[in-house]
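Under our numbering, residues 2 to 200 are what the sequence shown spells out, in order. Glycine residues also receive a C-beta, built at the ideal position from the N, C-alpha and C atoms. Here the structure is a predicted model, which means the values were calculated and not measured.
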Amino acid sequence: MLVLYNNIEMQNKFIDYIKTYTPLTLQEQEYLISHIVYRSYAKQEILFQEGNVSNEIYFVTKGCVRLYYNVNEIDKTGFFYTEGQFICAGESFTYKVEASENYQVLEDTELCVLTRENIEILLKLSPVFEIIARIAVENELLTAQRIIRSFVTQSAEERYKDLLAHQGELFLRVPQQYIATFLGVSPETLSRIKARILK
2 MLVLYNNIEM QNKFIDYIKT YTPLTLQEQE YLISHIVYRS YAKQEILFQE
52 GNVSNEIYFV TKGCVRLYYN VNEIDKTGFF YTEGQFICAG ESFTYKVEAS
102 ENYQVLEDTE LCVLTRENIE ILLKLSPVFE IIARIAVENE LLTAQRIIRS
152 FVTQSAEERY KDLLAHQGEL FLRVPQQYIA TFLGVSPETL SRIKARILK
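Take a look at the structure:
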């Protein structure tokens, strides 16, 4: 992990994203910029591990991060986060309990990081930052709901087609074994699904 200072490009990406949800005055933008930590992670680094208590919310400006769980000593992928997405171990962050999830960087990745301490400062500076905190939590909730819905209502092949349609770039960015565990199938089954769809 490398801490980046005064990264203008990362600042601009983050501010532009937030402004799609809520307008920000110049002063609010300055508040936000001055309370963000900018970090760079190398491919395969672990961003956050189960058993720890989450005190940070992340925003991806570049790269790809995998959420996974250890199940009987086998890691199973829950989700992939790419540019423009918040990452938050929601239950751990909200209730200050040990997390059950892990986050691994799959590409060289750059993140804007909001610490719990800085979030509390920002909330006192302007009510608009409550909206930003809510966006991060809501995004995580919607992600979880989509994943649950897909496993309840779709077959593995349908989930594959959905992933291909909505996040097709992941097939070029993510190792196939992680795609397979995300879909709930073995790598061999994933290969057969791909072969059937290509016919």
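Determine the closest residue to residue i out of the options, with distance taken between C-alpha atoms.
| i | options | result |
| --- | --- | --- |
| PHE80 | GLN177, ALA145, SER101 | ALA145 |
| ILE120 | ILE9, SER35, VAL186 | SER35 |
| ILE133 | LEU165, LEU115, VAL106 | LEU115 |
| ILE88 | THR154, LYS44, LEU68 | LEU68 |
| GLN201 | GLN168, LEU123, THR21, MET11 | This structure gives no information on residue 201, because the portion of the chain shown stretches from 2 to 200. |
| LEU143 | LEU126, GLN86, PRO176, VAL175 | GLN86 |
| ILE180 | LYS14, ASP76, VAL98, SER127 | ASP76 |
| VAL153 | GLN177, LEU165, GLY185 | GLY185 |
| LEU33 | THR78, PRO128, ARG174 | PRO128 |
| THR190 | LEU173, GLN168, VAL72, SER156 | SER156 |
| ALA137 | SER192, LEU25, CYS113 | CYS113 |
So residue i packs on residue j, CB below 8 Å; how close in whole Å?
| i | j | result |
| --- | --- | --- |
| PHE49 | ASN103 | 7 Å |
| VAL46 | VAL106 | What sits at residue 46 in the sequence shown is Glu, not Val. So it is a contact: roughly 5 Å between Cβ atoms. |
Output needed for residue i: all residues of its chain with C-beta closer than 6 Å, excluding positions within five of it in sequence on either side, in chain order.
| i | result |
| --- | --- |
| SER55 | ALA90, SER93, PHE94, ALA100 |
| ILE16 | GLN30 |
| PHE130 | LEU123, LEU124 |
Following the continuous beta strand (DSSP E) through residue i, name the residue where it begins and the one where it ends.
| i | result |
| --- | --- |
| GLN105 | 103–106 |
| GLU57 | 57–63 |
| GLU31 | Where GLU31 is concerned, there is no enclosing beta strand (DSSP E), although the alpha helix (DSSP H) it sits in stretches over 27–35. |
Grab me the residues of residue i's own chain with a C-beta within less than 7 Å of its C-beta, minus the 5 sequence neighbours each way, in chain order.
| i | result |
| --- | --- |
| THR83 | VAL61, CYS65 |
| SER187 | ALA181 |
For residue i, report the span of its alpha helix (DSSP H) as first-last.
| i | result |
| --- | --- |
| VAL129 | 129–154 |
| GLU92 | 91–96 |
| ASN13 | 9–20 |
Go through its chain and collect everything with a Cβ distance to residue i's Cβ below 8 Å, but skip five positions before and after it.
| i | result |
| --- | --- |
| ARG197 | GLU158 |
| GLN168 | PHE81, THR83 |
For residue i, decide whether its Cβ has a neighbour in chain B, counting only Cβ atoms nearer than 8 Å.
| i | result |
| --- | --- |
| ILE198 | Here chain B cannot be found, since the structure has a single protein chain. |
(Q) Under 8 Å: do the region 59–72 and the region 153–164 share three or more Cβ pairs, one atom per stretch? (A) No, because fewer than three Cβ pairs between the region 59–72 and the region 153–164 fall closer than 8 Å, the two stretches do not touch.
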